[in-house]
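Here's the structure we're looking at; comments come further down.
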Amino acid sequence: MIVRQHALGVAATLRSEIPGIRRVLVARTDGLPFYDDGDPALHDSSAAVVATVLGIAQQSGMAFGLEGLEMTTVRGPAGSMVVYAVDDHHLLAVVTEPKVNLVLLDRVVLRLIAGMVGAGPQGAGSRGSGSQGAGSLGAVLPRQAAHAL
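Residue 112 in the numbering used here sits at position 124 of the sequence shown, and the numbers go up by one each step.
What follows is the structure in C-alpha coordinates.
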(Lines of atoms letter the chains of each structure in order from A and count residues from 1; the text may use other names and numbers.)
(Lines give C-alpha, C1' and ligand atoms only; values in the text may rest on other atoms or scores of the structure.)
Protein backbone atom coordinates (compact mmCIF):
# COMPACT_ATOMS: atom_id res chain seq x y z
CA MET A 1 0.00 0.00 0.00
CA ILE A 2 1.37 3.39 -0.96
CA VAL A 3 0.83 6.19 1.55
CA ARG A 4 1.39 9.93 1.39
CA GLN A 5 4.69 9.63 3.29
CA HIS A 6 6.08 7.54 0.42
CA ALA A 7 5.24 10.29 -2.06
CA LEU A 8 6.73 12.98 0.18
CA GLY A 9 9.94 10.97 0.48
CA VAL A 10 10.16 10.39 -3.27
CA ALA A 11 9.67 14.09 -3.99
CA ALA A 12 12.28 15.12 -1.41
CA THR A 13 14.81 12.59 -2.70
CA LEU A 14 14.30 13.59 -6.33
CA ARG A 15 14.77 17.26 -5.52
CA SER A 16 17.92 16.58 -3.48
CA GLU A 17 19.54 14.18 -5.98
CA ILE A 18 18.60 15.80 -9.28
CA PRO A 19 18.77 19.56 -9.85
CA GLY A 20 16.04 20.97 -12.09
CA ILE A 21 12.99 19.09 -10.80
CA ARG A 22 10.02 21.44 -11.13
CA ARG A 23 7.15 19.31 -9.93
CA VAL A 24 6.45 15.84 -8.58
CA LEU A 25 3.03 14.26 -8.41
CA VAL A 26 1.61 10.88 -7.60
CA ALA A 27 -1.85 10.09 -8.91
CA ARG A 28 -4.09 7.11 -9.12
CA THR A 29 -4.47 5.47 -12.50
CA ASP A 30 -8.15 6.46 -12.48
CA GLY A 31 -7.05 10.11 -12.61
CA LEU A 32 -7.53 11.08 -8.97
CA PRO A 33 -4.76 13.06 -7.25
CA PHE A 34 -2.78 11.42 -4.44
CA TYR A 35 0.14 13.83 -3.91
CA ASP A 36 1.17 16.93 -5.84
CA ASP A 37 3.67 19.61 -4.91
CA GLY A 38 2.35 21.92 -7.63
CA ASP A 39 -0.39 24.55 -7.60
CA PRO A 40 -3.31 23.16 -5.54
CA ALA A 41 -5.81 24.59 -8.04
CA LEU A 42 -4.35 22.26 -10.69
CA HIS A 43 -4.15 19.01 -8.69
CA ASP A 44 -7.34 17.43 -10.07
CA SER A 45 -6.77 18.32 -13.72
CA SER A 46 -3.07 17.43 -13.58
CA ALA A 47 -3.76 14.00 -12.10
CA ALA A 48 -6.32 13.34 -14.82
CA VAL A 49 -3.93 14.44 -17.56
CA VAL A 50 -0.98 12.33 -16.39
CA ALA A 51 -3.21 9.27 -15.97
CA THR A 52 -4.46 9.82 -19.51
CA VAL A 53 -0.91 10.23 -20.84
CA LEU A 54 0.13 6.94 -19.25
CA GLY A 55 -3.03 5.17 -20.49
CA ILE A 56 -2.50 6.37 -24.05
CA ALA A 57 1.18 5.38 -23.91
CA GLN A 58 0.23 1.92 -22.70
CA GLN A 59 -2.32 1.46 -25.48
CA SER A 60 0.20 2.71 -28.04
CA GLY A 61 2.84 0.35 -26.71
CA MET A 62 0.46 -2.59 -26.86
CA ALA A 63 -0.41 -1.73 -30.47
CA PHE A 64 3.28 -2.13 -31.34
CA GLY A 65 3.89 -5.21 -29.23
CA LEU A 66 5.69 -3.37 -26.42
CA GLU A 67 4.57 -5.03 -23.21
CA GLY A 68 5.39 -4.08 -19.65
CA LEU A 69 5.33 -0.31 -20.15
CA GLU A 70 7.20 1.41 -17.31
CA MET A 71 7.24 5.05 -18.37
CA THR A 72 6.56 7.62 -21.05
CA THR A 73 8.17 10.98 -21.73
CA VAL A 74 6.81 14.23 -23.14
CA ARG A 75 9.68 16.53 -24.05
CA GLY A 76 9.77 20.08 -25.35
CA PRO A 77 11.96 23.17 -25.34
CA ALA A 78 10.67 24.24 -21.90
CA GLY A 79 11.37 20.89 -20.24
CA SER A 80 10.13 17.34 -19.87
CA MET A 81 7.34 15.46 -18.16
CA VAL A 82 8.08 11.82 -17.42
CA VAL A 83 5.24 9.60 -16.21
CA TYR A 84 6.10 6.30 -14.52
CA ALA A 85 3.79 3.42 -13.65
CA VAL A 86 4.27 2.70 -9.94
CA ASP A 87 1.83 -0.19 -9.57
CA ASP A 88 -1.60 -1.14 -10.88
CA HIS A 89 -3.20 1.79 -9.06
CA HIS A 90 -0.63 4.61 -8.95
CA LEU A 91 1.65 6.60 -11.20
CA LEU A 92 4.42 9.09 -10.63
CA ALA A 93 4.91 12.15 -12.83
CA VAL A 94 8.02 14.32 -12.74
CA VAL A 95 8.26 17.67 -14.52
CA THR A 96 11.82 18.86 -15.17
CA GLU A 97 13.86 21.73 -16.52
CA PRO A 98 15.05 21.18 -20.12
CA LYS A 99 18.64 20.21 -19.23
CA VAL A 100 17.85 17.50 -16.67
CA ASN A 101 19.61 14.22 -17.45
CA LEU A 102 16.64 11.92 -18.11
CA VAL A 103 18.76 8.76 -17.94
CA LEU A 104 19.80 9.71 -14.40
CA LEU A 105 16.18 10.60 -13.60
CA ASP A 106 15.06 7.14 -14.76
CA ARG A 107 17.66 5.40 -12.61
CA VAL A 108 16.76 7.37 -9.50
CA VAL A 109 12.99 7.09 -10.05
CA LEU A 110 13.05 3.35 -10.72
CA ARG A 111 15.05 2.85 -7.51
CA LEU A 112 12.57 5.01 -5.57
CA ILE A 113 9.55 3.24 -7.07
CA ALA A 114 10.99 -0.14 -6.08
CA GLY A 115 11.39 1.16 -2.54
CA MET A 116 7.94 2.72 -2.48
CA VAL A 117 6.20 -0.42 -3.70
CA GLY A 118 8.33 -2.69 -1.53
CA ALA A 119 7.71 -0.60 1.59
CA GLY A 120 4.05 -1.51 1.91
CA PRO A 121 2.52 -4.76 3.09
CA GLN A 122 1.48 -5.58 -0.47
CA GLY A 123 4.92 -4.73 -1.95
CA ALA A 124 5.93 -8.37 -2.34
CA GLY A 125 3.22 -8.94 -4.93
CA SER A 126 3.90 -5.80 -6.89
CA ARG A 127 6.63 -4.45 -9.10
CA GLY A 128 9.41 -5.19 -6.59
CA SER A 129 9.08 -8.98 -6.88
CA GLY A 130 9.99 -9.23 -10.54
CA SER A 131 6.54 -8.80 -12.01
CA GLN A 132 6.22 -6.43 -14.90
CA GLY A 133 4.60 -3.89 -12.58
CA ALA A 134 3.06 -1.61 -15.14
CA GLY A 135 2.54 -4.39 -17.64
CA SER A 136 -0.75 -5.23 -16.00
CA LEU A 137 -1.68 -1.60 -15.51
CA GLY A 138 -5.22 -1.08 -16.75
CA ALA A 139 -5.43 1.42 -19.57
CA VAL A 140 -8.23 3.45 -18.10
CA LEU A 141 -8.78 6.92 -19.45
CA PRO A 142 -10.18 8.87 -16.52
CA ARG A 143 -13.51 10.65 -16.72
CA GLN A 144 -11.91 13.91 -15.62
CA ALA A 145 -9.51 13.83 -18.58
CA ALA A 146 -12.07 15.17 -21.03
CA HIS A 147 -12.48 18.26 -18.87
CA ALA A 148 -8.75 18.65 -18.24
CA LEU A 149 -7.81 18.54 -21.90
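Glycine is no exception: its CB is placed at the ideal position from the N, C-alpha and C atoms.
Would you mind reading off the limits of the alpha helix (DSSP H) that contains residue i?
| i | result |
| --- | --- |
| Met50 | 31 to 51 |
| Leu(-4) | -8 to 5 |
Indicate, with yes or no, if the ligand GTP has a heavy atom lying under 7 angstroms from the CB of residue i.
| i | result |
| --- | --- |
| Leu13 | Looking for the ligand GTP in the displayed structure turns up nothing, as the structure carries no ligands at all. |
Taking just the CA atoms, how far does residue j sit from residue i?
| i | j | result |
| --- | --- | --- |
| Gly26 | Gly53 | 35 angstroms |
| Tyr72 | Leu42 | 8 angstroms |
| Glu85 | Ala51 | 31 angstroms |
| Ala(-1) | Arg10 | 10 angstroms |
| Leu93 | Ala102 | 14 angstroms |
| Ser48 | Leu90 | 21 angstroms |
| Met59 | Glu5 | 20 angstroms |
Can residue i and residue j be called in contact, C-beta distance under 8 angstroms?
| i | j | result |
| --- | --- | --- |
| Val82 | Leu2 | yes |
| Val62 | Leu80 | no |
| Ile(-10) | Val74 | yes |
| Asp18 | Ala39 | yes |
| His31 | Met104 | no |
The beta strand (DSSP E) that contains residue i, what's its start and end?
| i | result |
| --- | --- |
| Leu79 | 78 to 84 |
| Thr61 | 59 to 64 |
| Met13 | In the sequence under discussion, the amino acid at residue 13 is Leu, which differs from the Met named in the question. Counting along the chain, the beta strand (DSSP E) containing Leu13 begins and ends at 9 to 16. |
| Asp21 | Reading off the sequence shown, one finds Pro at residue 21, where the question assumed Asp. Here the beta strand (DSSP E) through Pro21 covers 21 to 24. |
| Met(-11) | Unbroken run through Met(-11): none, as it is neither H nor E. |
Determine the burial state of residue i: buried for a count of at least 16 other Cβ atoms within 10 Å of its Cβ, exposed for fewer.
| i | result |
| --- | --- |
| Ala15 | buried |
| Ala36 | buried |
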